[in-house]
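With the working numbering as the guide, the letters of the sequence shown map in order to residues 4 to 163. Beta carbons: idealized from backbone N, C-alpha and C, even for Gly. Remember, predicted model here, so these are calculated numbers, not experimental data.
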Amino acid sequence: MSHIKVELKKEDVAKLKEICKSFNNKPGELINVLHQAQTHFGYLPAEVQEIIARELNISVAKVYGVVTFYTFFTMIPKGQHPISVCTGTACYVRGAENVVEELKRALNINVGETTPDGKFSLSCLRCVGACGLAPVVMVGEKVYGRVSPDGVADILKEYE
């Protein structure tokens with residue numbers, strides 16, 4: 004995936020410094036800082052990670068390592084309608100993988116990507132706590148249960 008250079012505005016840089024300062028610029032607060040930054044920006048591009056590393060006086064590699072380790076953090080902007088497919092055990096056993104494949108095909112993107120028009124992004128997550136409805140797909144906050152590959156087109160149609 005190609006890296007998109009993100010030009011941060013002065014007020015964004017100031018906001019990041021403020022977030023870091025609210026945690027006393029302590030390296031041990033990295034995860035809290037990243038959560039706040041992602042809440043503010045919606046994602047964590049390299050430029051945001053670099054500022055956080057500088058402010059907390061830790062390596063960019065360490066920040067990147069944490070961002071890539073936790074699935075909650077994302078380095079790409081989410082689509083207007085973020086689609087998440089549960090791949091927890093119950094959903095997986097009941098065919099979540101086939102639903103993911105159909106979404107990838109229908110949207111022409113891979114997991115972790117956003118459609119070129121910015122409308123949809125696709126991600127997998129672990130257990131949304133609706134195992135009785137497996138397999139589960141979430142679009143934003145809306146939960147769709149017992150989704151089959153055949154049902155994908157109908158779900159996407161709701162957001163056209």
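With 16 or more other Cβ atoms inside 10 Å of its own Cβ, residue 87 counts as buried. Within 10 angstroms of the beta-carbon of residue 45 lie fewer than 16 other beta-carbons, which makes it exposed.
Contact between residue 93 and residue 137 holds: their C-beta atoms lie close to 4 angstroms from each other, under 8 angstroms.
Restricting attention to alpha helix (DSSP H) runs no shorter than 4 residues, the region 24-51 encloses them at 33-44, ordered along the chain.
Minimum Cα-Cα distance from residue 130 among the listed residues 113, 159, 95 corresponds to 95. For residue 99, the closest of 12, 53, 139, 54 by C-alpha to C-alpha distance is 139. Using a Cβ distance threshold of 8 angstroms, residue 67 and residue 83 do not count as a contacting pair. Between the alpha carbons of residue 11 and residue 24 lies a distance of about 18 angstroms. Annotated as distal: residue 27 and residue 58, with beta-carbon spacing of 8 angstroms or more. Within the region 52-106, the complete alpha helix (DSSP H) segments of 4 residues or longer fall at 63-72, 92-96, listed in chain order.
Distance check between residue 156 and each of 105, 148, 9, 63 places 105 closest, using alpha-carbon atoms only. Spatial neighbours of residue 63 in its own chain (CB-CB distance under 7 angstroms, excluding positions within 5 residues in sequence) are listed in chain order as 52, 53, 56.
Contact check for residue 76 and residue 37: beta-carbon distance about 6 angstroms, within the 8 angstroms limit, so the pair qualifies. Looking at the DSSP output, residue 147 shares a beta bridge with 140.
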